[in-house]
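If you're matching positions, the sequence shown starts at 1 in full-length UniProt numbering and goes up one per residue.
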Amino acid sequence: MVDYFLDRKSISWMVTLLLGVGGMFAFLGLGQLEFPEFTLRSALVTTQYPGATPLEVEEEVTLPLEKAIQQMPGIDDITSVNSDGLSQITVQLKKTVREGELDQYWDILRRKINDAQPGLPPGVNTSIVNDDFGDVFGLLLTLRGDGYSLKDLGDHADLIQRELRLLEGVAKVSIGGRVDEQMIVSLDRDRMRALGISPEYLASLLNAQNTVGNAGHLRSEGLSLSVQPTGQLDSVQALEQLAVGSADSGIIRLSDLVEVRRVTNDSPALLYHSDGLPALTIGVSFAEGTNVVDVGESLNEALKRLEKQQPIGMTLNTVYNQPEVVEEAVSAFLMNLAQAVGIVIIVLLLFMGLRSGLLMGLILLITIMGTFVLMAIHGIQLQKISLGALIIALGMLVDNAIVVTEGMMIGLSKGKSKRQAAKEVVSQNRYPLLGATVIAITAFAPIGLSPDTTGEFIGSLFWVLCYSLFLSWLTALTLTPFFFDMFYPDKLESVGQSSDNDPYKGIVFVVFRRLLTYAIHYRFVTLTLAIALLAGVLSFSGQVKNAFFPNATTPLFFVDLWLPEGADILQTEETVKRLESRVNDMDQVVQVTSVTGGGAQRFTLTYSPEQRYASFGQLIVETRDKASREARMEEVIEQLRTDFPNVHYKVQALQVGPSAKASLEARIFGEDPEELRKIGVRVQAIFENEPLADSVRLSWGNREAVIVPEFLEEQARRLGVSRESLHQALLLNNQGQQVGVYREGSDLIPIIMRSREEQRFDIENLTSINVWSEEQGRYVSAGNVINAINTELRDPLIKRRNRERMLAVYAEPMPLSGETAASVLERIRPQVDALELPHGYSIEWGGEYETSSEAQTSLFSSLPLGLLGMFIISMLLFGSFRQALSIWMIVPLMMIGIIGGLVLLGAPFTFMALLGTLSLIGMVLKNAIVLVEEINIQLEQQDDAFTAVVEAAVSRVRPVLMAAVTTMLGMIPLFSDAFFASMAVVIVFGLGVATVLTLVVLPVVYCTLMRISYHQ
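Okay, here's the thing in structure tokens:
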């Protein structure tokens, strides 16, 4: 191999150019993201059942639908929310379902839901399956304008939507916050009673007047002519002039009985505000595989053009701009990568000399460029995980080149030719270096093989490390000798080196040789001290806090508000606006966007919109930077505590990585809602007694008051009044009833019939409502068929999970306290688990604990196989169980540095820190393998085993230390990155301690296991 690349210089240059230049072009063509995408395997099934209570919705709609859904394959979880007239079922598929299979599964889901429709009771609307639930609108805009109606905003939003849809790379453009217009027909109850006109008659008249009908065709002179009569309502005035009957005074028109108005729906489902003004949102999602930065530039140009058509006073604001965030994040991380590469090269120049430093720096750059080529082939984009993998790998990438270069320098200093030195080093080290590289790659394998969402999120870490490490082995054996031959003269003396045959007479080597000799001599003391140090550090492990993923550094935070259940959406809106006004006045706040009635459009993968509740509101607050974000969060919490005492809240920064609905979640399962609530209150009390638990709330909310008119069945039968007639009369007196549509071009505006404003929502006069008696052809007072009007308390929501009723207690760690969910859970869980529960009731833990546990379980499921593979490789390398064991006995000692570093810096042990620990196993073993292989080489060359061990360790000091130092210093830029900080701590401190122990303790362990005695 060496001869091939030394003799065929054109081939060597070709490979260099292919990797270098090809890498540059590949780099420029790679897509860019802030974080990798991961698949959301969920769909939402919504079914309306107007007039039904939550219990009726659950039993008559949700139960049969859940039964049908359960029959399809690939189901992980089925959760449902049952509220007044609405069933919302979320279907979550198993993590093993691949992205390309999702459409097939959603087709099965639709078939199951369609097959279940005939079994649903009358009055239930057709179920809707939304499998676009996970769409991410990476560009989220708000359109507002003082003095403009929502219809005006909607007209301009339609123009923006049409234009942006045409751009290449844009998948969808969605408008949020529309509030439909309605034609309100306000009834004069007294007038209708006097004329004896029933609501049903008016409803049928209005419905029939504006329907599209088929009047057939006429044949005339060989032609077929369609017949299209006029008479459709085309204005409010036409609607008012509609004839409804006659009297002695003449024709009775609709305007004689009703008032017709065209208004905005006063009970909307969702309301947006931007800095206090009513607004609409415009969300833009990007086509898969596109470079969002390039698409973002096209969008910016299109929006600038559209700005010229924007009405004066309207403003378009950006809530979240993924292309800008991605460009800033990738640029910053590329700078971190460049700094890390620079640090590594500087270290090499300082400690290896100018020629060696330049040589290995060149090999490092070629390897990185080659990795970009393989990333492009694999489809891996530039994002924090893939770029972070390169930074993590830097030290290991130069490790192979260091070993080869060091060996060639030693051979050259001993008088060998460059070719001879290169051939000997490559021949001796190619398989050990390959084994060490494969072991290092295998250490990361559980990351790439993890089948869950977390594994999908960070999977590119494994592939980038795999490609780069394998390339580093190839370039070390091929291009390193080639460039060494170019960089170095035939004899080392000519570059100022000593010609002494012993290159290890320096002070560092002399001191290390003496230290190692004493350590082997007093091996019992050495091993005892190492074990004692490990035990001592492990005793501090309880001080290390656990966490899953950190908050993002994006200067955004959310304020979720839950008013008491039963609150009207307009009342919720007033509360949201009151808080929004206060937050807008705070320092360093750039803008505030609010949504009432549910969550906003999903604009990042880690943002999970809340389902539709009239009592829910959310503020999306943008600040100038991360520091001001945390200060404003604290200020908002204080405002909520003092001035909004009846509001449950949750204040949280934007998350990184997959996240749960709540950080702390206790799920209570059982059949009886009353018993579930009793247990929930007890668990809630435990949560509230924890000083560092915040935002404690029940998933079912508080019970709400319900008006229950007591229907007199017998009396109503005598009067010819049905229960349905009473329901219709009450509905007309309140929200109203849709009786038709008013056609205006492509818009279908619902016609709503209801009582006059002064007669609506009058609880005290419910008994005076007119109820039409079909049998008697006249109105009957509701008081004749209602015995009493009672008020009851009931559950406004009934939630289920996997076909069981489930009430959850949610909480969050106190924001900005430094407390993690795991630490809070550790204190409250024993108290909750100690509760005595009735037979048939159980508690399970969700939240961050469940998400983290699933991720770790998935990760560790492949870990034993990976560790076994690594041990087998080490056995195959040396053919000796004792030698392999000596290598593996060093691995636990790395915990000294890991725990020590985390405790010293107060860093939490996050999921990324866990990955850092696994990767550290590969790094430590890699260094250990290089050392043990050198011991074996020395044993072949020397008669004395003790001397061979010592000299082998001395000869490996520089390459092992250099590999460790370059890795550790290369990690410095990651300390400032919240996502990678804990991993950086683990690798820097763990590798630093493990490297020292590898050089000292490993030879001691080797001598002990191989029974090599000390002698002077």
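We put the CB at the ideal spot given by N, CA and C, even for glycine.
Query                                                                                                                                                                                        : Result
On the CB-based measure, 16 or more other CB atoms within 10 Å of its CB, does I707 come out buried or exposed?                                                                              : exposed
Return the CA-CA distance between T453 and I78, expressed in angstroms with no decimal places.                                                                                               : 17 Å
Report the three-state DSSP secondary structure of A443 (helix, strand or coil).                                                                                                             : helix
Taking buried to mean at least 16 other C-beta atoms within 10 Å of its own C-beta, is D977 buried or exposed?                                                                               : buried
Measure how close the beta-carbons of V924 and I890 come, nearest whole angstrom, since I'm counting them as under 8 Å.                                                                      : 6 Å
Quick one, which of L825, A782, R829 has its alpha-carbon nearest A716's?                                                                                                                    : A782
Buried or exposed for D115, please, with buried defined as at least 16 other CB atoms from any protein chain shown within 10 angstroms of its CB.                                            : exposed
Starting from the C-beta of A203, find all residues in its chain whose C-beta is less than 8 Å away, skip the five residues before and the five after it, and write them out in chain order. : Q737, V739, G740, M753
Using three-state DSSP, classify W888 as helix, strand or coil.                                                                                                                              : helix
Buried or exposed for T528, please, with buried defined as at least 16 other CB atoms from any protein chain shown within 10 angstroms of its CB.                                            : exposed
Is H648 helix, strand or coil by DSSP?                                                                                                                                                       : strand
So, does the region 507-517 touch the region 611-622, judging by three or more C-beta pairs under 8 Å?                                                                                       : no
Does DSSP classify R41 as helix, strand or coil?                                                                                                                                             : coil
Three or more C-beta pairs under 8 Å: does that hold for the region 276-288 against the region 570-585?                                                                                      : yes
Please classify A338: does DSSP put it in a helix, a strand, or coil?                                                                                                                        : helix
Flag this pair as yes or no: are the beta carbons of I345 and G361 separated by less than 8 Å?                                                                                               : yes
Going by the beta-carbon positions, is the gap between L271 and G701 smaller than 8 Å?                                                                                                       : no
Cα separation between A530 and L893?                                                                                                                                                         : 8 Å
Return helix, strand or coil for D485, following the three-state DSSP convention.                                                                                                            : helix
Thinking C-alpha only, which one of G177, G123, E288 is nearest F38?                                                                                                                         : E288
Taking the alpha-carbon positions, what's the P432 to D490 distance?                                                                                                                         : 27 Å
Beta carbon of A43, beta carbon of D131: below 8 Å?                                                                                                                                          : yes
Going by other Cβ atoms of all chains shown within 10 Å of its Cβ, with 16 needed for buried, is W106 buried or exposed?                                                                     : buried
Answer with buried or exposed for Q309, where buried requires no fewer than 16 other C-beta atoms within 10 angstroms of its C-beta.                                                         : exposed
Mapping the DSSP letters down to three states, classify G245 as helix, strand or coil.                                                                                                       : strand
Is K799 helix, strand or coil by DSSP?                                                                                                                                                       : strand
Determine the direct distance from the alpha carbon of L474 to that of A422, and round the result to whole angstroms.                                                                        : 14 Å
Could you tell me whether any Cβ in chain B is nearer than 8 Å to the Cβ of H273?                                                                                                            : Considering every chain present, this structure includes no chain B. It has just one protein chain.
Could you check whether A440 and M396 sit closer than 8 Å to each other, using their CB atoms as the reference points?                                                                       : yes
Relative to the C-alpha of V170, which candidate in T290, G20, E630 has its C-alpha closest?                                                                                                 : T290
If I'm right that V45 touches Q611 with Cβ under 8 Å, what's the distance once you round it to whole angstroms?                                                                              : Incorrect: roughly 12 Å between the Cβ atoms, too far for contact.
Please state whether the Cβ-Cβ distance between L387 and F462 is less than 8 Å.                                                                                                              : no
What residue from L40, T820, P311, P122 has the CA that sits closest to R98's CA?                                                                                                            : L40
Is DSSP giving D152 helix, strand or coil here?                                                                                                                                              : helix
What residues in its chain sit with their C-beta under 6 Å from that of A660, if we drop five residues either side in the sequence?                                                          : G847, E848, T851
Buried or exposed: where does R956 fall if 16 or more other Cβ atoms within 10 Å of its Cβ makes it buried?                                                                                  : buried
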